[in-house]
Every structure is written in structure tokens, then in C-alpha cells.
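Heads up: the sequence shown begins at 58 in my numbering, then just goes up one per residue.
The structure appears below as C-alpha cells.
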Amino acid sequence: MTRQPTSSATTSDATQRQREGLLRRLEAPKSLSSEVIDRLAEQIISGKLPVGAKLPSEQEMMRGMGVSRTVVREAVAALRARGLVVTRQGAGAFVDRAAGRQPYAIDPEGLGSLDSVLDILELRMAVESEAAAIASERATAAQIKAIGEALRVFSRAITSGDRAIKEDFAFHLAIAAATQNSRFVEFLDFLGRLIIPRQSIRSFEGTAEGPRQYLARIEKEHEAIFQAIGAHSPKKARDAMRGHLVKSRERYRELASKTPVL
Numbered sequence: 058m059t060r061q062p063t064s065s066a067t068t069s070d071a072t073q074r075q076r077e078g079l080l081r082r083l084e085a086p087k088s089l090s091s092e093v094i095d096r097l098a099e100q101i102i103s104g105k106l107p108v109g110a111k112l113p114s115e116q117e118m119m120r121g122m123g124v125s126r127t128v129v130r131e132a133v134a135a136l137r138a139r140g141l142v143v144t145r146q147g148a149g150a151f152v153d154r155a156a157g158r159q160p161y162a163i164d165p166e167g168l169g170s171l172d173s174v175l176d177i178l179e180l181r182m183a184v185e186s187e188a189a190a191i192a193s194e195r196a197t198a199a200q201i202k203a204i205g206e207a208l209r210v211f212s213r214a215i216t217s218g219d220r221a222i223k224e225d226f227a228f229h230l231a232i233a234a235a236t237q238n239s240r241f242v243e244f245l246d247f248l249g250r251l252i253i254p255r256q257s258i259r260s261f262e263g264t265a266e267g268p269r270q271y272l273a274r275i276e277k278e279h280e281a282i283f284q285a286i287g288a289h290s291p292k293k294a295r296d297a298m299r300g301h302l303v304k305s306r307e308r309y310r311e312l313a314s315k316t317p318v319l
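Shown next as C-alpha cells:
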């Protein structure tokens, strides 16, 4: 029996159905970026989006899923961190590897629990304490100035009543850059702003003292780290960063002890 050739119309219809399935509107308002990540990851892991396939453009995903550009970019960044996609300047995002070869990844959704926040803080203690020590040895005058500017931006943000999440992250990223070892920067980029616990645990108000006093304490800890790096003292820088993260861990342990078990 002679096999009938597949018509281009049939192929086109299948492709269109696949794109419609991918670009259908999101229904639940909770954690939109996680939903976009899950939807794209499912398409990639299942092979519906094969290696080398181009993801829909930002505009297509925004329009089709009914989400903002920020949500789309956060989702693509998360998929890139998981090794599922690669982005090419001016061309878009493409499926980078087959399912089953994913590198270590941290699920952002899981960071909403106190236990996960404490785990991440301990991971950061191991990495960022040494990063601060290395930065104190290698930082150029320009890099020290950049750390100081990040500290000033953080201070201005909390003075204006902001939660200063991105400013907090920028301060730690400036220190990573000052190590002159790109792996430290990549590590923080991989974790993203979700390493700042108050982004994940939105109910935390800094114990009884209130959010402004809580952020003022963080500001003083940042200042101590900056001064130690500026003094080119590895021990002081290491101790200051470790002290900062240990205090953060203790603050969240205190919160955990006061949180009722449901």
C-alpha cells in the first residue's frame, strides 16, 4: 500500500495547535512566573519543543498567556538557569538540551517556606563569606567604589520606605563581582533575587521592631562588610559577611518558632 504524503496543511494545523496549547491564557493568579516556567518546561521535557526549537517571542507569550514582560523574562531566566534554554542576542530563546540532562536547580516555589529560606541562607554562608574575603584581597578601587554605591542606593531605598529587595541583591552582587571570579557572580545570578528572604516570606516584619528597624540593622551589617572589604582585610570581611548571614538565619529561625503549625 502506498503511503500518502503528509500535507503541509496538516503539518501547519498541528503546529498551530501546539502553539495554541503553549500560549493559552493562564487561569490562576498565584505565582504566574512559576506557571509559565512549568508550562514551558513541560513542553521541552516532553519533546513537544525539541532541542533547537525557538520559544515564542516575549510579545507572543505576553499576549497569549496574559502576563507581563517581567513574568516572561523571569520564566526564561529560570529555564536558562536550569539548562533548558539558551538565549541569543537579538534572536530569542531556544531549547538548549534534551530532557533528563538538567543540572542542579532550585525551585523558586519552594522558597516560600521558612525551612527552605534557612537552607538557602546556610548555602550562602558557605559561599558568600569566602567571596567577601576574596573580594577584600582582589577588589580594585573602582570595585570598592561600586560596592559603596550599592550600599548608598540600598540606604536611600529603605529611607524612602521601600523593601529594598533589588538593592539588597545588587549589594551582594557587587561583592561577588569584586572577587574577579565570574563563578561567584554566576552563582548569585543563578539564585537570583529570591535569595533575599523577605521577597519569599512576605509576612516577615523583622520581629517586634518593625520593618524599618529590621532593614536598618541590615544596613549596619552591610556597612561593616563594606568597611572590611575596603580595608583589604580578608578575616574581617569573611567574619562580617558570615555574621550578617548568621544574624539573618537567626531572625528567620525566630520567626519560624513563632509561626503556628497548621
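C-beta: ideal position from N, C-alpha, C; glycine also.
**Q.** C-alpha distance - isoleucine 215 paired with isoleucine 253, whole-angstrom precision
**A.** The C-alpha of isoleucine 215 lies about 15 Å from the C-alpha of isoleucine 253.
Q: Please report how far the alpha carbon of alanine 138 lies from the alpha carbon of phenylalanine 244, in whole angstroms.
A: Spanning the two alpha carbons is a distance of roughly 10 Å.
Q.
Using 8 Å as the threshold, is the C-beta distance between arginine 306 and leucine 180 below it?
A. In this structure, arginine 306 sits away from leucine 180, with a CB-CB distance that is not shorter than 8 Å.
Q) Is serine 193 near alanine 285, with beta carbons less than 8 Å apart? A) The answer is yes: Cβ separation under 8 Å.
**Q.** Other residues of its chain near valine 133: CB distance less than 6 Å, five sequence neighbours each side excluded
**A.** In chain order, Ala150 place their CB closer than 6 Å to the CB of valine 133, counting only its own chain and leaving out the 5 sequence neighbours on each side.
**Q.** 7 Å Cβ shell around glutamine 116 - same chain, five flanking residues per side excluded
**A.** Residues of the same chain with a CB within less than 7 Å of the CB of glutamine 116, apart from the 5 flanking positions on each side, do not exist.
Q | Bridge partner(s) assigned by DSSP for phenylalanine 151 | A | Looking at the DSSP assignment, phenylalanine 151 forms a beta bridge with Lys111 and Val143.
Q: Hey, could you find the ends of the alpha helix (DSSP H) glutamine 237 is sitting in?
A: First-last for glutamine 237: undefined, no H or E at that position.
Q: To the nearest angstrom, report how far apart leucine 230 and asparagine 238 are at their CA atoms.
A: Distance from the CA atom of leucine 230 to the CA atom of asparagine 238, rounded to whole angstroms, is 12 Å.
Q: Would you decide whether glutamine 270 is buried or exposed? Buried here means 16 or more other CB atoms lie within 10 Å of its CB.
A: The residue is exposed, with fewer than 16 neighbouring Cβ atoms inside 10 Å.
Q | Residues of its chain near alanine 188, where Cβ-Cβ distance is below 7 Å and the 5 sequence neighbours each way are ignored | A | Taken in chain order, the residues that qualify are Ile232, Ala233, Thr236 and Phe241.
Q: Just confirm the distance between the C-beta atoms of valine 129 and methionine 119, as a whole number of angstroms; I'd bet it's less than 8 Å.
A: Rounded to whole angstroms, the Cβ separation of valine 129 and methionine 119 is 6 Å, and the two are in contact under 8 Å.
**Q.** Boundaries of the alpha helix (DSSP H) in which histidine 279 is found, first to last residue
**A.** Its alpha helix (DSSP H) spans residues 268 to 287.
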